[in-house]
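Okay, structure first, notes after.
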Amino acid sequence: MQTGQGYAIEDKTMRMTMEKTKRRVKISSIGVYVPPKILTNADLEKMVDTSDEWIITRTGIRERHLADESQATSDLCLEAARRALDQASLKIDDVDLILVATSSPDTLFPSTACWVQKGLEATEIPAFDLSAGCTGFLYGMIVAESLILNGTCRRVLLIGGELLSKITNWKDRATCVLFGDAAGAVILEESPDESGIISFFWQADGRLADLLYLPAGGTRRPASEETVRQGLHYISMKGNEVFKHAVRRMGEAALEALKRAGLKPEDVTHFIPHQANIRIIEATGERLKLPPEKVYTNIDRYGNVSVASIPLCLEELRAGGKLKKGDIILMDAFGAGFTWAAIVYRW
Ligand code: ACO
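First residue of the sequence shown: 42, per this note's numbering; consecutive thereafter.
Rendered as structure tokens:
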């Protein structure tokens with residue numbers, strides 16, 4: 042039964058038959074880039090009225106990496122993309138689409154994907170951006186899966202890149218302690234076997250858009266001396282509201298995606314939640330009744346790197362030899378929009 046949001050397969054026999062025959066899209070390589078400069082909580086103590094203890098207890102973050110002045114989002118994406126291509130021993134000409142998920146584009150137009158295309162010296166393959174807040178990487182996987190399965194693309198280069206430090210108000214202690222910069226890229230293609238995306242669930246609720254947004258710089262409020270004076274070109278966030286919705290929606294999305302895969306939380310080998318706040322991660326893990334060792338976290342070292350957080354976790358697990366063939370990975374994210382999504386994936 043198709044529901045418009047993945048497949049809910051109630052009947053076990055039918056599910057097992059489909060398991061064997063369903064075409065899958067898999068990640069064939071991963072590349073990440075994290076800028077070298079580190080900003081610690083001790084550094085932040087000198088910038089705003091905060092403390093290492095407050096930041097660790099409330100968010101789980103100890104340090105974050107920041108891009109330097111000369112870098113734009115596409116520079117981070119470019120490096121991650123090159124690493125993903127190298128890992129797969131592919132050239133950009135082997136790819137049919139560049140898809141960048143970001144909320145901090147180099148320019149309003151053209152897309153960051155086109156700047157990446159220029160950097161990669163790619164021939165005239167299509168390139169576009171996808172904006173879905175921190176959920177953008179999972180939305181991108183879902184879009185890429187569909188384009189590959191319907192024959193439009195053979196391989197998609199999906200990059201989640203974010204440079205939030207340049208749209209963060211470094212005088213606002215409620216937001217500046219949270220974010221970091223990074224990019225993660227994957228190459229997606231049809232799987233020769235049962236590995237790959239098993240199911241997904243994705244939703245959004247634009248009625249809550251103004252709880253987390255960038256007020257100025259778009260057509261609603263074009264940049265002006267006044268918007269700059271009021272700091273409206275920086276991230277505006279009602280943190281505790283975001284928190285409540287994130288906990289609720291990430292739990293729902295994970296359970297629904299698992300249901301659509303015909304799996305239960307206990308079948309999950311690795312839970313990879315978007316790294317926004319350790320308390321959101323722990324609350325979601327508890328809702329799914331997952332033991333802490335199955336819940337992957339690296340927020341202490343990177344902070345919230347938005348769309349880059351899930352590929353960064355995946356790459357750490359892969360590079361650490363922790364991903365075994367057949368492992369069930371549950372990816373789960375929530376972000377501006379609000380948007381939320383979960384993907385069940387067989388490694
Ligand atoms: N240091 C010290 N005190 C602080 C700081 C700080 N850095 N920031 C806020 N406070 C104070 C507040 O002023 C407030 O003080 P008051 O009680 O005197 O008014 C107190 O701490 C509590 O503030 P809350 O906002 O209620 O604190 P909360 O426990 O909710 O934690 C936080 C704030 C960390 C922002 C949390 O709400 C959170 O993580 N929310 C989710 C944010 C998020 O995930 N955003 C990204 C979404 S994904 C995307 O698309 C980018």
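Heads up, the beta-carbon is just placed ideally off N, CA and C, and yes, glycines get one too.
*What do you get for ARG270, buried or exposed, if any count of 16 or more other CB atoms within 10 angstroms of its CB means buried?*
Within the sequence shown, residue 270 is the residue found at index 229, counting from 1. Within a 10 Å sphere around the beta-carbon of ARG270 sit fewer than 16 other beta-carbons, which makes this residue exposed.
*How far does the beta strand (DSSP E) with MET88 in it reach, from first residue to last?*
Translated into positions along the sequence shown, residue 88 becomes position 47. Judged by DSSP secondary structure, MET88 falls outside any beta strand (DSSP E); it is assigned neither H nor E.
_Coil, strand or helix - GLY160 by DSSP_ = For the purposes of this step, residue 160 is identified with residue 119 of the sequence shown, where counting begins at 1. In this structure, GLY160 counts as helix in the three-state DSSP scheme.
*Under three-state DSSP, which class holds TRP388?*
One-based indexing of the sequence shown puts residue 388 at position 347. Reduced to three states, the DSSP call for TRP388 is coil.
*Start and end of the alpha helix (DSSP H) containing ASP109?*
Residue 109 sits at position 68 when you count from the first residue of the sequence shown. Looking at the DSSP string, ASP109 is not in any alpha helix (DSSP H), and its letter there is neither H nor E.
*Tell me whether ALA108 is buried or exposed, calling it buried when 16 or more other Cβ atoms sit within 10 Å of its Cβ.*
Locating residue 108 in the sequence shown gives position 67, counting from the first residue. Under this definition ALA108 is a buried residue.
*Whole-angstrom distance between ARG342 and LEU119, CA atom to CA atom*: Within the sequence shown, the letter at position 78 stands for residue 119. Within the sequence shown, the letter at position 301 stands for residue 342. Distance between the alpha carbons of LEU119 and ARG342 is about 22 Å.
_Could you tell me the alpha carbon to alpha carbon distance between PHE241 and ALA113, rounded to whole angstroms?_
The residue you call residue 241 lines up with position 200 of the sequence shown. The residue you call residue 113 lines up with position 72 of the sequence shown. Approximately 31 Å, taken between the alpha carbons.
*asked:* Pull the bridge partners of LEU140 from the DSSP assignment, please.
replied: On the sequence shown, residue 140 is found 99 positions in, with the first residue counted as 1. DSSP lists PHE169 and LEU199 as partners of LEU140.
*asked:* Per DSSP, what are the beta-bridge partners of TRP381 in this structure?
replied: What you label residue 381 is simply residue 340 of the sequence shown in a count that begins at 1. For TRP381, which the question treats as bridged, DSSP gives the partners GLN244 and PHE375.
_Among GLY160, ILE239 and CYS217, nearest to SER277 - alpha-carbon criterion_ = Along the sequence shown, read from residue 1 onward, the residue named residue 277 stands at position 236. Closest option to SER277, judged by alpha-carbon separation, among GLY160, ILE239 and CYS217: CYS217.
*LYS212 burial status per 10 Å Cβ neighbour count (16 or more: buried)*: Translated into the one-based positions of the sequence shown, residue 212 becomes position 171. By the 10 Å Cβ count, LYS212 comes out exposed.
*Quick one: residues in its chain with C-beta nearer than 7 Å to the C-beta of THR164, no 5 flanking neighbours on either side, listed in chain order?*
Position 123 of the sequence shown holds residue 164. Correct list, in chain order: ASP134.
*Three-state secondary structure assigned by DSSP to GLU235*: Here the question's residue 235 lines up with position 194 in the sequence shown. Coil, per DSSP.
_Helix, strand or coil at ILE369 according to DSSP, with G and I counted as helix_ = Sequence index remark: in the sequence shown, residue 369 carries index 328 (1-based). In the structure shown, ILE369 sits in a strand (DSSP, three-state: E or B).
_Length at least 4, wholly inside the region 256-295: the alpha helix (DSSP H) runs in chain order_ = For the region 256-295, whole alpha helix (DSSP H) runs of length 4 or above, ordered along the chain, are 266-270.
*Option nearest GLY247 by Cα separation, candidates ILE68, ALA173 and HIS106*: Counting from 1 along the sequence shown, the entry for residue 247 is found at position 206. When each option's Cα is compared against that of GLY247, the closest is ALA173.
*asked:* Check whether the region 124-138 and the region 360-372 touch, using three or more Cβ-Cβ pairs below 8 Å as the test.
replied: No: the two stretches stay apart, fewer than three of their Cβ pairs being nearer than 8 Å.
_Just to confirm the assignment: which complete alpha helix (DSSP H) runs, minimum length 4, are found wholly within the region 295-355?_
Entirely contained in the region 295-355, the alpha helix (DSSP H) runs reaching 4 residues are, in chain order, 319-328 and 340-343.
*asked:* In whole angstroms, give me the CA-to-CA distance for PHE375 and HIS311.
replied: Here residue 375 corresponds to residue number 334 of the sequence shown, with the count starting at 1. Here residue 311 corresponds to residue number 270 of the sequence shown, with the count starting at 1. So the alpha carbons of these two residues sit roughly 18 Å apart.
*Going by other Cβ atoms of all chains shown within 10 Å of its Cβ, with 16 needed for buried, is ALA360 buried or exposed?*
Locating residue 360 in the sequence shown gives position 319, counting from the first residue. A residue is called buried once 16 or more other Cβ atoms fall within 10 Å of its Cβ, and ALA360, having fewer, is exposed.
*Out of curiosity, what's the CA-to-CA distance linking THR91 and SER69?*
Position 50 of the sequence shown holds residue 91. Position 28 of the sequence shown holds residue 69. As the crow flies, the alpha-carbon of THR91 is around 42 Å from that of SER69.
*Buried or exposed for ALA234, please, with buried defined as at least 16 other CB atoms from any protein chain shown within 10 angstroms of its CB.*
The residue given as residue 234 occupies position 193 in the sequence shown. Checking the sequence shown, residue 234 turns out to be Asp, not Ala. Result: exposed.
_Across the region 286-302 and the region 378-388, are there enough close Cβ pairs to call them in contact, namely three or more that are closer than 8 Å?_
Using a Cβ-Cβ distance cut-off of 8 Å, the region 286-302 and the region 378-388 are in contact, since at least three pairs of beta carbons, one from each stretch, lie closer than that value.
*Grab me the residues of MET372's own chain with a C-beta within less than 7 Å of its C-beta, minus the 5 sequence neighbours each way, in chain order.*
Here residue 372 corresponds to residue number 331 of the sequence shown, with the count starting at 1. Only LEU179, ILE313, ILE351, ALA383, ILE384 and TYR386 meet the Cβ criterion.
_For ARG290, the nearest candidate out of HIS315, TRP388 and GLU307 (CA to CA)_ = Mapped onto the sequence shown, residue 290 falls at position 249. Closest option to ARG290, Cα to Cα, is HIS315.
*LEU138 and CYS194 look like a contact to me (Cβ under 8 Å); what is the Cβ gap, rounded to whole Å?*
Locating residue 138 in the sequence shown gives position 97, counting from the first residue. Locating residue 194 in the sequence shown gives position 153, counting from the first residue. Right, their Cβ atoms sit about 5 Å apart.
*For PHE178, which three-state DSSP category applies?*
On the sequence shown, residue 178 is found 137 positions in, with the first residue counted as 1. Correct three-state label for PHE178: helix.
*Between which two residues does the alpha helix (DSSP H) carrying SER115 extend?*
Against the sequence shown, residue 115 aligns to sequence position 74. Run containing SER115: 114-128, per the alpha helix (DSSP H) assignment.
*Got a sec? Which residues, its chain only, sit under 7 Å from THR44 by beta carbon, not counting five neighbours each side?*
By 1-based counting over the sequence shown, the position of residue 44 is 3. Residue placement at THR44 is poorly supported in this model, since its pLDDT is 42, which falls under 50; the coordinates are not used for a value here.
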